[in-house]
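Residue numbers for the sequence shown follow the numbering used here, so the first one is 590 and each next one is one higher.
Just so you know, even glycine gets a beta-carbon here, dropped at the ideal spot from N, CA and C.
Quick caveat: nothing in here was measured; it's all calculated off a predicted structure.
First up is the structure itself, then whatever we jot down about it.
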Amino acid sequence: MPDGAFRRNVQVTARRLLSHTAGLTDGLGYGGFAPGQTVQRLEDSLTHASDASPDADGRLRVGAEPGENFLYSGGGYALLQLVIEEVSGEPFNDYMQRAVLSHRHDPSTLSCPRAQPT
590 MPDGAFRRNV QVTARRLLSH TAGLTDGLGY GGFAPGQTVQ RLEDSLTHAS
640 DASPDADGRL RVGAEPGENF LYSGGGYALL QLVIEEVSGE PFNDYMQRAV
690 LSHRHDPSTL SCPRAQPT
């Protein structure tokens, strides 16, 4: 995350990312991708989402004091996915299947594989 006025004093944490209280203002408005359309790499989607809403700049940033208010941010979940991949050394879907979903003992629960960017 780029430095901002708020990052110096209060931390963006996983708990805050999950509760949409991390202060992220993402300007993403993810529109999604049509079948067969090239899917952008996760890292690239956080700095310039190619499927951002036309009126959005497509960048994830800390734009409010973390922990102060609820601000919905789909980009926060994307950032958390990237953190999980980097910390675990596993693809997100593999990690979720091993560490979370396999413990549910529910064969109908699975994670869908992410399309591989080209």
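Consult DSSP for residue i and reduce its assignment to one of helix, strand or coil.
i: Thr614; result: strand
i: Val676; result: helix
i: Arg605; result: helix
i: Arg650; result: strand
i: Ala645; result: coil
Report the rounded CA-to-CA distance for residue i versus residue j, giving the unit in angstroms.
i: His752; j: Asn682; result: Outside the shown range of the chain (590 to 707) lies residue 752, about which nothing can therefore be said.
i: Asp640; j: Gly620; result: 5 Å
i: Val628; j: Phe622; result: 7 Å
i: Thr602; j: Leu668; result: 11 Å
i: Glu632; j: His694; result: 32 Å
i: Arg687; j: Arg604; result: 21 Å
i: Tyr666; j: Leu606; result: 7 Å
i: Ala645; j: Gly625; result: 24 Å
Mind checking residue i: buried by the 16 CB within 10 Å criterion, or exposed?
i: Gly664; result: buried
i: Arg650; result: buried
My assumption, with CB atoms under 8 Å, is that residue i sits in contact with residue j. Please give the rounded CB distance.
i: Pro655; j: Thr614; result: The Cβ separation is near 11 Å, so there is no contact.
Can you check whether the CB of residue j is closer than 8 Å to the CB of residue i?
i: His637; j: Gly652; result: no
i: Gly618; j: Ser634; result: no
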